[in-house]
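So the structure is just underneath, and the comments pick up after that.
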Amino acid sequence: MAALRTWIDACRPKTLVAAAVPVAVGGAVIWAYGEEVNGLSLCLVLAYCLAFALCVQVACNFANDLGDSYTGADTAGRVGPRRAVSAGDISPSAMRRGIWIACILALILGAPVALLSPWLLLAGFLAIACALAYTLGPFPLAYRGLGDVFVVSCFGVQATVLTAWAVCTPGLRDCGLNKLPMPWAPALLAGLGLGLLADNILVANNARDYE
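Heads up: the sequence shown at position 128 corresponds to 142 in the numbering used here, and the numbers run straight through without jumps.
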């Protein structure tokens with residue numbers, strides 16, 4: 015039971031709102047600006063998008079936990095929420111497996127939408143790659159002064175716009191949704207606003223870590 019609690023805490027449940035809200039807002043943009051929207055089909059597409067976004071967020075959190083322990087940004091004496099790898103609660107190898115599992119689940123749960131368009135499939139892989147590259151890999155974005163750019167673009171603009179675009183893709187005709195005109199301007203503006211709000215999470219976290 016303790017091990018399960020450790021993994022739940024490593025998922026950082028409070029941060030999952032940052033993944034869920036852009037999907038909801040992307041759907042709201044289509045509902046407000048789209049035409050002849052089938053409510054049931056719209057909810058089904060949003061459910062797939064939400065499942066994908068949550069899994070990618072968890073993978074990002076796991077990768078952040080692992081990456082920050084590697085670089086020494088997180089130690090057992092850190093201020094703030096406990097981090098599993100640096101505290102010794104989860105081994106680096108186990109966390110790597112957790113990252114793989116979260117990414118695979120994201121691909122499986124997002125497949126019904128991703129397979130509607132090769133561009134959506136590519137966007138899905140790009141979202142996962144960016145989530146992992148935040149603190150892992152040869153060019154970790156968070157340690158190159160690109161953390162804020164990543165959060166605003168991925169957790170705001172990308173997530174909101176791609177959700178709206180997924181609903182508008184021609185492949186959804188078979189799902190009960192007619193081809194809808196993509197409301198680019200409202201989706202981009204809403205996504206930018208959400209991205210700036212999500213960046214406040216990063217700024218608050220960095221300010222605390224600096225202290």
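Ideal placement from N, C-alpha and C gives every residue a C-beta, glycine not left out. The model shown is predicted, which means the values in this text are computed figures rather than measured ones.
Taking C-beta atoms under 8 Å as the contact rule, THR85 and TYR157 qualify, at a distance of about 7 Å.
With a minimum length of 4 residues, the unbroken runs of alpha helix (DSSP H) contained wholly in the stretch 136-201 fall at 161-166, 173-182.
The three-state secondary structure of ASP103, taken from DSSP, is coil. PHE139 is the residue among ALA108, SER105, PHE139, GLY102 whose C-alpha sits nearest the C-alpha of ALA120. Here DSSP, grouped into helix, strand and coil, assigns ALA90 to coil. Straight through space, the alpha carbons of CYS144 and LEU210 are spaced by roughly 18 Å. DSSP places SER131 in the coil class of the three-state scheme, outside both helix and strand.
Here VAL163 has LEU155 as same chain residues with Cβ atoms under 8 Å from its own Cβ, once five neighbours each way along the sequence are excluded.
The Cβ neighbour count for GLY40, taken over all protein chains shown within 10 Å, is at least 16; the residue is labelled buried. Two segments are said to touch when three or more pairs of C-beta atoms, one from each, lie closer than 8 Å; by this definition the stretch 93-107 touches the stretch 67-85.
When the alpha-carbon of ALA178 is set against those of LYS28, PRO27, LEU18, ALA46, the nearest one is in ALA46.
Contact check for ALA201 against LEU134 fails: the beta carbons are separated by 7 Å or more. When the beta-carbon positions are compared, GLY170 and LEU208 come within less than 7 Å of each other.
In the three-state reduction of the DSSP assignment, PRO95 falls in the coil class.
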